[in-house]
Structures are given as structure tokens and as C-alpha cells.
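Residue numbers (the numbering used here): 55 to 438.
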């Protein structure tokens, strides 16, 4: 069976998500916040397992104009739900409405639920459904009076890799951390540092990318329990992912000045089974001077909102700039929402890229150092 599949992502990451899918062998079409492609059950499994920058993977069932509740009901009823949902399926309905006549999300969810139940009643010749079986979460999205029905194959968001069981203050989502690594073009033959590592997410994502570890290996997905997808494609995708892991030496260091933060990072590194790969060090980011050359620094320092005052943050940026500018062979990537970062850092970035850290609009300031003169030839793909 061929599905219409949608991988959603944060705004600004569409090109990265599309490239990941292309490296997996799929043709893509990008829109704001999502990337479309076609594939079978194996494609659903591989996308869930391998995508580093996507938030969720959906199967799209239908899209149709919906100005009235009757339009919505009839559009949902046109789907053959008995071919998708078994008798005992648990099918919660979630929704959103943007710039549409049908603006009440709870009312739309209720209409969708009723239409699905009515369809199943006719197919299964029964009036009630216990919903005690596998979860098939249905999403109804109404944008500019066009309703789209999708099934969420992922379950929990793909940023939930399975290694971060404890939360730090102002954590960086794993999908965004992976995006920073991909945007840096860092790879395993170069040193890597996050000198303000927090809970260790950026360093972990870098190490997983450098070793070609599929980000979904430590978790499960809702579609594994579905009749239309099932366990076998996921089992095969996991076998493929395990075979694709690279066994190379990495120089990845996560450091911070806060002992409690370092302990949290250490625990997350252990959960990710990377304790033999990532070094955790206590160090002051304002003073670090790596002996290695041609490395890459990626960091998400405080923005002056939750972890530090504005004055403390601005002083930190100035001191980071004075130190990092002396690392003439290193590339530096700093994510922050501060509008005057370049002035404080003391140097205009070679490139800037707007990204969203949750709902916070940020800029990735990119200071591009020289590449190694004789780099080791490396497989630059992020997939098998």
C-alpha cells in the first residue's frame, strides 16, 4: 500500500528535513512547516526512525473544502475508516483551525469523531466501541477553509529520542539541536565542542550524527501496533539502522561551569549509551582554548530570559567573543534571540539563519572557519 506521508518540522527546517528524506531515497515536496513524500509501510518506519529534524510523521488520508459542519462531516465520512481502524482501535481526535470559518476546534473535533463512529457502526454493525486497542491519533487541520485529515504514526513527538529523561531549565529540543549540527556541516573527522552544554543535547545529537546512529532507535512508535503498518517494517528498519552505524573515533566534548548541569549532561550521555564517545568536562566557556585545530563549536547560550539577567547575558556574549575570536581555525555557531548579539560578540557573522526555539524567534550566527587542509573523506549522508 502506498501512503501520502507528511513529515512536520519547525519553520525554517523544511530544507533540512527534505534533504534527510531525499538521502533516504524519497522524492519530496516542501511547504511551510512540513515535507510531503510517498511511500509504503517501510517508508513510514524509516522516516520515524531516521529523521533528526522532523517533529512527527503523518499518513494523510484526505483534504477537502470545509466551510460548514456538514462539509466537514461528509468529507470525513467519505474515508473508509473500517479499512484503517480495527474494532477496538483507540482513535482520539485532535485539531487546529487557522483563518477558517469553522474556528471552534472542539466543535470540529466532535464532528470528526461522530463521522468516524458513524462510519464504523455501518461497517462493523455495532453501536459502541470500547477503544481499548492500539492508538490511532487522528488530526484534523482546517487552514483557510480546507480540512485535512491525518493519522499520527509517531505517537510522542520525534524530539523524544528516549535518552533525555530529566529536564533542565530552558532545554533545547533535540530536533533543533540536530538541525544546528546539520547546518554546521560538521562531521566525524573534526573536533566538536559545546562549551555551554546544559543538559548535553547538542553534543549527544552531534555524536549520534557522527556515528550515524538513527535517532529513533531508543523508542517505539504508535504505527508499530497498526494493522496498516505493523511491527515488521519497524523491525526491518531497526536492523538496517544498526547495520548502518559507523565505528569511528570522535572528538566530542560537552563542557560547562555548573557541576549540577554537568551531572545532568552526564546522565543523559549515559542514557544515550555514549559515555565512551562524549567527554564531559568542567570548563569556563570564556576561557577554553582547545589544542586541536579546525574544530566546530555549537552552542545555545542563555538569552537573558530565564537563566541569566540581560546584563549578565550581554557580558557573557562579550567575553565569549573575545575568547572565540582567537580560535582562528575553528567554526563557531551560536543560537540566541538577542537582537544585538553581533555587536556584543564583536564580530559580524558570516551567515545568519532564523530558527524557532519553541516559540522564541532566534538567529543562528555562523562564523565559518577554514576547513581542514587534508580532510578525511567522509560519508556525508545522514541515513543508510
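The beta carbon of each residue, even a glycine, is placed where N, CA and C say it ideally should be.
Predicted model only: the values in this text are computed from it and were never measured.
Would residue i and residue j be called neighbours here (beta carbons separated by less than 7 angstroms)?
i           : j           : result
residue 352 : residue 238 : yes
residue 101 : residue 287 : no
residue 206 : residue 185 : no
residue 261 : residue 147 : no
residue 404 : residue 422 : yes
residue 246 : residue 350 : yes
residue 60  : residue 72  : no
residue 391 : residue 364 : no
residue 266 : residue 299 : yes
residue 195 : residue 150 : yes
residue 354 : residue 226 : yes
residue 251 : residue 319 : yes
residue 144 : residue 209 : no
residue 326 : residue 258 : yes
residue 277 : residue 255 : no
residue 190 : residue 139 : yes
Short of 7 angstroms in beta carbon distance, which residues of its chain neighbour residue i, apart from the five on each side in sequence? Order them along the chain.
i           : result
residue 434 : Any answer about residue 434 is weak, because its pLDDT of 47 lies below 50 and its placement is not dependable; what the coordinates show is given next. For residue 434, where only same-chain residues beyond five positions count, the Cβ hits under 7 angstroms are 241.
residue 373 : 340
residue 217 : 258, 272, 322, 325 and 326
Would you verify that the beta carbon of residue i is, or is not, closer than 7 angstroms to some beta carbon of chain C?
i           : result
residue 351 : In the displayed structure, chain C is absent; only one protein chain is listed.
Can you say whether residue i is buried or exposed, counting buried as having 16 or more other CB atoms within 10 angstroms of its CB?
i           : result
residue 387 : buried
residue 375 : buried
residue 400 : exposed
residue 215 : buried
residue 309 : buried
residue 119 : exposed
residue 67  : buried
residue 197 : exposed
residue 82  : buried
residue 427 : exposed
residue 116 : exposed
residue 160 : exposed
residue 248 : buried
Since residue i and residue j should fall inside the 8 angstroms C-beta cutoff, what is the C-beta to C-beta distance between them, to a whole number of angstroms?
i           : j           : result
residue 264 : residue 304 : 5 angstroms
residue 212 : residue 292 : So it is not a contact: roughly 15 angstroms between Cβ atoms.
residue 171 : residue 130 : Not quite, the Cβ-Cβ distance comes to about 10 angstroms (not below 8 angstroms), so this is no contact.
residue 371 : residue 395 : 6 angstroms
residue 329 : residue 204 : That belief does not hold up - the Cβ atoms of residue 329 and residue 204 are roughly 38 angstroms apart, past 8 angstroms.
residue 75  : residue 91  : 6 angstroms
residue 268 : residue 104 : 5 angstroms
Could you name the residues of the same chain whose beta carbon sits closer than 6 angstroms to that of residue i, not counting the 5 residues immediately before and after it, in chain order?
i           : result
residue 284 : none
residue 358 : 364 and 367
residue 121 : 155 and 199
residue 108 : 61, 63, 71 and 212
residue 439 : This structure cannot speak to residue 439, because the chain is shown only from 55 to 438.
residue 302 : 242
residue 377 : 340
Once you ignore the five residues that flank residue i on each side, which residues in its own chain have a CB closer than 8 angstroms to its CB?
i           : result
residue 157 : 151
Exercise. Which runs of the beta strand (DSSP E) spanning at least 3 residues fall entirely within the stretch 122-179, listed in chain order?
Worked result: 147-152
Problem set entry | Sequence ranges, alpha helix (DSSP H) only - wholly within the stretch 62-102, length at least 4 | 68-77
Problem set entry | Length at least 3, wholly inside the stretch 386-415: the beta strand (DSSP E) runs in chain order | 405-411
For this session: Within the stretch 232-309, note down every full beta strand (DSSP E) run reaching 3 residues or more, in order along the chain.
Result: 246-248
Exercise. What beta strand (DSSP E) runs, 3 residues minimum, are completely inside the stretch 306-346?
Worked result: 306-310 and 332-336
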